[in-house]
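First comes the structure, then the notes that go with it.
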Amino acid sequence: MIRYLLITSFFCLGLFPALQAQGEDLPARGEAIDAFRIAFFTKRLSLTAEEAQRFWPEYHAYTDELESLRAESRAKQQQMRDLYFANGSEAEIERLSDDFIGLKRREYEIAERYHARFKQVLPIRKVVMLYKAEQDFKRELLQELQRRRQQQGGRPIRPGIRNR
Numbered sequence: 002m003i004r005y006l007l008i009t010s011f012f013c014l015g016l017f018p019a020l021q022a023q024g025e026d027l028p029a030r031g032e033a034i035d036a037f038r039i040a041f042f043t044k045r046l047s048l049t050a051e052e053a054q055r056f057w058p059e060y061h062a063y064t065d066e067l068e069s070l071r072a073e074s075r076a077k078q079q080q081m082r083d084l085y086f087a088n089g090s091e092a093e094i095e096r097l098s099d100d101f102i103g104l105k106r107r108e109y110e111i112a113e114r115y116h117a118r119f120k121q122v123l124p125i126r127k128v129v130m131l132y133k134a135e136q137d138f139k140r141e142l143l144q145e146l147q148r149r150r151q152q153q154g155g156r157p158i159r160p161g162i163r164n165r
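First residue of the sequence shown? That's 2 in our numbering, and the numbers climb one at a time after it.
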């Protein structure tokens with residue numbers, strides 16, 4: 002167990018330079034972020050080797066489904082904006098907005114289904130910690146990107162955000 006945590010921690014330390022690399026293509030950057038997420042969650046949830054082996058395939062399936070749905074949602078939002086500014090018919094705008102709400106419903110259904118699956122592979126306390134870890138990971142990643150942008154002399158990602 003200690004060996005596993007040491008490897009994970011060591012792996013984490015090596016990721017931040019990968020996130021910073023300039024000229025790096027987006028797939029490689031995405032892989033670095035995914036690796037950082039795995040290390041972050043594994044440490045935060047204190048996953049045993051057995052738990053990790055059962056949890057990660059479920060979590061990857063969950064995030065793949067959500068990402069696919071979110072891409073569809075972004076496309077619907079763009080279509081709604083385009084129709085709105087192009088003075089689309091009320092019926093077209095209503096159909097797209099109903100479709101968009103249907104996508105939100107599907108997102109909830111995915112979350113509900115995977116919540117049940119996560120409970121099958123992890124103790125409930127770790128499932129609850131997963132949801133907190135997801136929020137913490139997003140915050141940490143944004144703060145790291147903010148720090149890197151400021152170090153490079155760029156402007157903040159969002160004005161008014163304080164570094165903690």
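The beta carbon of each residue, even a glycine, is placed where N, CA and C say it ideally should be.
Computed from a predicted structure; not experimentally measured.
Rounded to the nearest angstrom, the gap between the Cα atoms of Pro124 and Tyr109 is 22 Å. Between Thr43 and Ala53, the CB-CB gap stays under 7 Å. Proximity of the stretch 30 to 39 to the stretch 80 to 99 falls short of the contact definition, fewer than three beta-carbon pairs being nearer than 8 Å. Ile111 and Gln152 have their C-alpha atoms spaced approximately 39 Å apart. Secondary structure of Thr49 (DSSP, three-state): coil. Rounded to the nearest whole angstrom, the CA to CA distance from Gln78 to Phe101 is 7 Å.
Every unbroken stretch of the alpha helix (DSSP H) spanning 4 or more residues and falling wholly within the stretch 94 to 158 is given here in chain order: 125 to 152. Val128 is classed as buried because its beta carbon has at least 16 other beta carbons within 10 Å across all chains shown. The Cβ neighbour count for Arg38, taken over all protein chains shown within 10 Å, is at least 16; the residue is labelled buried.
In the three-state reduction of the DSSP assignment, Ser74 falls in the helix class, which pools H, G and I. With contacts defined as CB atoms closer than 7 Å, Glu59 and Val122 qualify as a contacting pair. Just so you know, the alpha carbons of Arg75 and Ser98 end up roughly 12 Å apart.
The Cβ neighbour count for Leu143, taken over all protein chains shown within 10 Å, is under 16; the residue is labelled exposed. Annotated as distal: Leu48 and Met130, with beta-carbon spacing of 7 Å or more. Of the residues Glu141, Arg149, Glu113 and Gln147, the one whose Cα lies closest to the Cα of Phe41 is Glu141.
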